[in-house]
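Numbering (the numbering used here), first residue to last: 14 to 122.
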(Lines of atoms letter the chains of each structure in order from A and count residues from 1; the text may use other names and numbers.)
(Lines give C-alpha, C1' and ligand atoms only; values in the text may rest on other atoms or scores of the structure.)
Protein backbone atom coordinates (compact mmCIF):
# COMPACT_ATOMS: atom_id res chain seq x y z
CA UNK A 1 0.00 0.00 0.00
CA UNK A 2 2.92 2.38 0.36
CA UNK A 3 3.04 2.83 -3.41
CA UNK A 4 -0.62 3.92 -3.36
CA UNK A 5 0.10 6.64 -0.81
CA UNK A 6 3.28 7.59 -2.66
CA UNK A 7 1.28 8.00 -5.85
CA UNK A 8 -1.22 10.23 -4.08
CA UNK A 9 1.59 12.38 -2.69
CA UNK A 10 3.30 12.64 -6.09
CA UNK A 11 0.00 13.76 -7.65
CA UNK A 12 -0.44 16.43 -4.96
CA UNK A 13 3.09 17.67 -5.61
CA UNK A 14 2.38 17.74 -9.36
CA UNK A 15 -0.57 20.04 -8.69
CA UNK A 16 1.68 22.26 -6.56
CA UNK A 17 4.25 22.43 -9.38
CA UNK A 18 1.48 23.34 -11.83
CA UNK A 19 0.14 26.12 -9.58
CA UNK A 20 3.59 27.60 -8.94
CA UNK A 21 4.54 27.57 -12.63
CA UNK A 22 1.18 29.10 -13.53
CA UNK A 23 1.87 31.92 -11.06
CA UNK A 24 5.34 32.31 -12.53
CA UNK A 25 3.82 32.70 -16.00
CA UNK A 26 1.14 35.16 -14.87
CA UNK A 27 3.59 37.26 -12.84
CA UNK A 28 6.56 36.88 -15.20
CA UNK A 29 7.44 40.59 -15.05
CA UNK A 30 8.34 40.38 -11.35
CA UNK A 31 11.87 39.03 -10.94
CA UNK A 32 11.51 37.88 -7.32
CA UNK A 33 8.49 35.74 -8.27
CA UNK A 34 10.54 34.00 -10.95
CA UNK A 35 13.42 33.38 -8.53
CA UNK A 36 11.29 32.13 -5.64
CA UNK A 37 9.05 30.13 -7.98
CA UNK A 38 12.05 28.40 -9.54
CA UNK A 39 13.47 27.52 -6.13
CA UNK A 40 10.11 26.16 -4.93
CA UNK A 41 9.68 24.05 -8.07
CA UNK A 42 13.23 22.68 -7.72
CA UNK A 43 12.53 21.65 -4.11
CA UNK A 44 9.17 20.07 -5.01
CA UNK A 45 10.78 18.23 -7.94
CA UNK A 46 13.40 16.86 -5.55
CA UNK A 47 10.61 15.57 -3.30
CA UNK A 48 8.91 13.96 -6.32
CA UNK A 49 12.20 12.12 -6.90
CA UNK A 50 12.72 11.17 -3.25
CA UNK A 51 9.20 10.05 -2.26
CA UNK A 52 8.89 6.94 -4.48
CA UNK A 53 12.39 5.86 -3.49
CA UNK A 54 11.70 6.16 0.24
CA UNK A 55 14.34 8.84 0.81
CA UNK A 56 12.10 11.70 1.91
CA UNK A 57 11.64 10.72 5.55
CA UNK A 58 7.93 11.51 5.21
CA UNK A 59 5.18 9.20 6.44
CA UNK A 60 1.61 8.73 5.23
CA UNK A 61 -1.57 9.02 7.28
CA UNK A 62 -1.09 5.49 8.63
CA UNK A 63 2.45 6.20 9.85
CA UNK A 64 4.18 4.17 7.14
CA UNK A 65 7.01 5.73 5.11
CA UNK A 66 6.39 6.65 1.50
CA UNK A 67 8.07 4.43 -1.07
CA UNK A 68 7.69 1.42 -3.34
CA UNK A 69 5.78 -1.62 -2.36
CA UNK A 70 7.72 -4.82 -2.82
CA UNK A 71 5.22 -6.61 -5.07
CA UNK A 72 6.37 -6.77 -8.70
CA UNK A 73 2.82 -7.43 -9.92
CA UNK A 74 1.41 -4.07 -8.80
CA UNK A 75 0.39 -1.77 -11.65
CA UNK A 76 2.68 1.01 -10.47
CA UNK A 77 5.65 -1.36 -10.82
CA UNK A 78 4.51 -3.06 -14.05
CA UNK A 79 3.98 0.20 -15.94
CA UNK A 80 7.01 1.98 -14.40
CA UNK A 81 4.82 4.80 -13.14
CA UNK A 82 7.24 6.16 -10.56
CA UNK A 83 10.22 5.95 -12.91
CA UNK A 84 8.34 8.05 -15.46
CA UNK A 85 7.20 10.55 -12.80
CA UNK A 86 10.76 10.76 -11.49
CA UNK A 87 12.12 11.39 -14.97
CA UNK A 88 9.62 14.16 -15.59
CA UNK A 89 10.41 15.74 -12.21
CA UNK A 90 14.15 15.66 -12.93
CA UNK A 91 13.60 17.35 -16.30
CA UNK A 92 11.39 20.01 -14.69
CA UNK A 93 14.01 20.58 -11.98
CA UNK A 94 16.79 20.98 -14.55
CA UNK A 95 14.68 23.41 -16.58
CA UNK A 96 14.04 25.46 -13.45
CA UNK A 97 17.78 25.57 -12.72
CA UNK A 98 18.33 26.97 -16.22
CA UNK A 99 15.46 29.42 -15.65
CA UNK A 100 17.06 30.53 -12.40
CA UNK A 101 20.44 31.02 -14.07
CA UNK A 102 18.93 32.99 -16.96
CA UNK A 103 16.98 35.16 -14.51
CA UNK A 104 20.17 36.04 -12.65
CA UNK A 105 22.14 36.68 -15.84
CA UNK A 106 19.45 38.80 -17.51
CA UNK A 107 20.25 42.50 -17.39
CA UNK A 108 17.76 44.91 -15.85
CA UNK A 109 16.09 47.35 -18.24
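Ideal Cβ positions, reconstructed from N, Cα and C, are used throughout, including at glycine.
C-alpha of residue 44 to C-alpha of residue 116: approximately 7 Å in a straight line.
If you look at residue 87, you'll find it isn't in any alpha helix (DSSP H); DSSP assigns it neither H nor E. By the Cβ neighbour-count rule, residue 51 is buried, with 16 or more other Cβ atoms within 10 Å of its own. Between the region 66-79 and the region 27-40 there are fewer than three inter-stretch CB-CB distances shorter than 8 Å, so the stretches are not counted as touching.
About 7 Å separates the CB atoms of residue 36 and residue 46; that is less than 8 Å, so the two are in contact.
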